[in-house]
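Since the structure comes first, as structure tokens, the remarks are kept for the end.
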Amino acid sequence: MVVSALSAGGSDGGPRLVARSKETGEELGSIDLPTGAIGTPMTYMVNGKQHIALAIGGRPPEMISFTLPN
Numbered sequence: 013m014v015v016s017a018l019s020a021g022g023s024d025g026g027p028r029l030v031a032r033s034k035e036t037g038e039e040l041g042s043i044d045l046p047t048g049a050i051g052t053p054m055t056y057m058v059n060g061k062q063h064i065a066l067a068i069g070g071r072p073p074e075m076i077s078f079t080l081p082n
């Protein structure tokens with residue numbers, strides 16, 4: 013899986029986080045972000061469950077994390 017943060021393309025025209033298949037490029041899922049990304053998405057595992065974290069802009073900036081479905 014490849015994860016990227018887009019500055020536009022969300023349901024309201026704003027930023028979104030997109031996951032794509034490494035093999036086909038097919039979009040596997042996406043989620044609107046509350047504000048633009050200011051960092052590169054990263055992934056990590058906790059108790060066998062994969063998470064994706066991303067720093068987003070704003071005042072103050074925030075770190076958000078999403079859990080992938082089983």
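Following our numbering, the numbering of the sequence shown begins with 13 at its first residue and continues without gaps.
For every residue, glycine included, the Cβ atom is placed at its ideal position computed from N, Cα and C.
Handout entry: Residue nearest to residue 62 in terms of C-alpha spacing, selected from 38, 30, 80
Key = 80
Exercise for the section: Tell me whether the beta-carbon of residue 39 lies closer than 8 angstroms to the beta-carbon of residue 28. Expected result: no
Practice task
Taking only the alpha-carbon atoms, compute the straight-line gap between residue 67 and residue 54 and give it to the nearest angstrom.
Solution key: 9 angstroms
Problem - Under 8 angstroms between C-beta atoms of residue 50 and residue 26 - result: no
Practice task
Just grab the DSSP bridge partners of residue 66 for me.
Solution key: 76
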